[in-house]
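Heads up: the structure comes next, in structure tokens.
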Amino acid sequence: AQSVTQLDSHVSVSEGTPVLLRCNYSSSYSPSLFWYVQHPNKGLQLLLKYTSAATLVKGINGFEAEFKKSETSFHLTKPSAHMSDAAEYFCVVNTNAGKSTFGDGTTLTVKP
Amino acid sequence: EPEVTQTPSHQVTQMGQEVILRCVPISNHLYFYWYRQILGQKVEFLVSFYNNEISEKSEIFDDQFSVERPDGSNFTLKIRSTKLEDSAMYFCASSRQGRTEAFFGQGTRLTVV
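So this is what it looks like as structure tokens:
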């Protein structure tokens, strides 16, 4: 069985400071991992993906994530938060058949 | 850029009525999914569909639910007799292969009254 655990339900940062959203995964084989963002009353937008290529993956809007097998982690980072980054972020792991298992989500608040 | 399209964006229905949620997946994708998100909760998997049949379904996807790909473009979710607890945002998604990223539609907000 596969699962993801998002370690923080809420993260609050000031505009211009770094963002770190933490995700640990559990998978019986090499996982496919993703981060999605959901703005209020909007759909789910793919930020970035890891599918067994480079361990440091770059996504849209300046976000990055690093796959660390030894730590079973896939944390999402951004050097400098922008007000528009305020949203709900989901860490997701896929099965080979494509089923996506979502974490509980992390609400990111950006203070001016 | 290709996208998954869902209609309607919002559906209100009376308890016990049947509803059909519609989705147009990305045209060259082979895997199709439905998820739901009850307000304030996590996104939950309902069902996956490949090669014209259900490949996996969750415990939520009971006999009240069904999916269909009636033609080459649409993918539908039918709830036979809606209950209050079916109120949620329903997301359709598609992917080219099983392990690749899924692209999600904007969702249909279903309200059962």
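Residue numbers (the working numbering), protein chains in the order written: chain A, 1 to 112; chain B, 1001 to 1113. Backbone N, C-alpha and C fix where the C-beta goes; we use that ideal spot for every residue, glycine too. Given the structure is predicted, the values throughout are model-derived calculations rather than measurements.
Exercise. Check each candidate in B:1107, B:1072 and B:1050 and name the one with the smallest Cα separation from residue 1089 of chain B.
Key: What you label residue 1089 of chain B is simply residue 89 of the second sequence in a count that begins at 1. Residue 1089 of chain B has its Cα closest to that of B:1107, out of B:1107, B:1072 and B:1050.
Practice problem: Assuming residue 106 of chain A contacts residue 6 of chain A (C-beta within less than 8 angstroms), just tell me the rounded distance between them. | Solution: Position 106 of the first sequence, counted from the first residue, corresponds to residue 106 of chain A. Position 6 of the first sequence, counted from the first residue, corresponds to residue 6 of chain A. Their Cβ separation, rounded to whole angstroms, is 5 angstroms, which keeps residue 106 of chain A and residue 6 of chain A in contact under 8 angstroms.
Quiz item: beta strand (DSSP E) containing residue 1043 of chain B: first to last residue?
Solution: By 1-based counting over the second sequence, the position of residue 1043 of chain B is 43. It spans 1043 to 1050 - the beta strand (DSSP E) in which residue 1043 of chain B sits, taken as one unbroken run.
Quiz prompt | Straight-line Cα distance separating residue 1093 of chain B from residue 2 of chain A | solution = Translated into the one-based positions of the first sequence, residue 2 of chain A becomes position 2. Translated into the one-based positions of the second sequence, residue 1093 of chain B becomes position 93. Whole-angstrom Cα-Cα distance: 19 angstroms.
Quiz prompt | Those residues which DSSP pairs with residue 1037 of chain B across a bridge | solution = Position 37 of the second sequence holds residue 1037 of chain B. DSSP, once it has assigned bridges, lists B:1043 and B:1089 as partnering residue 1037 of chain B.
Quiz prompt | Nearest-angstrom Cα separation, counted from residue 1045 of chain B out to residue 1055 of chain B | solution = Start at 1 with the first residue of the second sequence, and residue 1055 of chain B comes out as number 55. Start at 1 with the first residue of the second sequence, and residue 1045 of chain B comes out as number 45. C-alpha separation (whole angstroms): 12 angstroms.
Self-check item: Cut-off 8 angstroms between Cβ atoms - residues of its own chain near residue 1009 of chain B, not counting five sequence neighbours on either side
Solution: The residue labelled residue 1009 of chain B in the question sits at position 9 within the second sequence. 1106, 1107, 1108 and 1109, listed in sequence order.
Quiz item: Are the C-beta of residue 1099 of chain B and some C-beta of chain A separated by less than 7 angstroms?
Solution: To locate residue 1099 of chain B, count along the second sequence from 1; it is residue 99. Nearest CB-CB separation between residue 1099 of chain B and chain A: below the 7 angstroms threshold.
Quiz item: Short check: CB of residue 1103 of chain B to CB of residue 1026 of chain B, under 7 angstroms?
Solution: Here residue 1103 of chain B corresponds to residue number 103 of the second sequence, with the count starting at 1. Here residue 1026 of chain B corresponds to residue number 26 of the second sequence, with the count starting at 1. Cβ atoms of residue 1103 of chain B and residue 1026 of chain B: closer than 7 angstroms.
Practice problem: Compute the Euclidean distance between the alpha carbons of residue 16 of chain A and residue 85 of chain A, then round it to the nearest angstrom. | Solution: Within the first sequence, numbered from 1, the residue matching residue 16 of chain A stands at position 16. Within the first sequence, numbered from 1, the residue matching residue 85 of chain A stands at position 85. Each residue's alpha carbon lies about 11 angstroms from the other.
Practice problem: Could you list which residues in chain D have their beta carbon closer than 7 angstroms to that of residue 44 of chain A, in chain order? | Solution: Absent here is chain D; the protein component of the structure consists of chains A and B.
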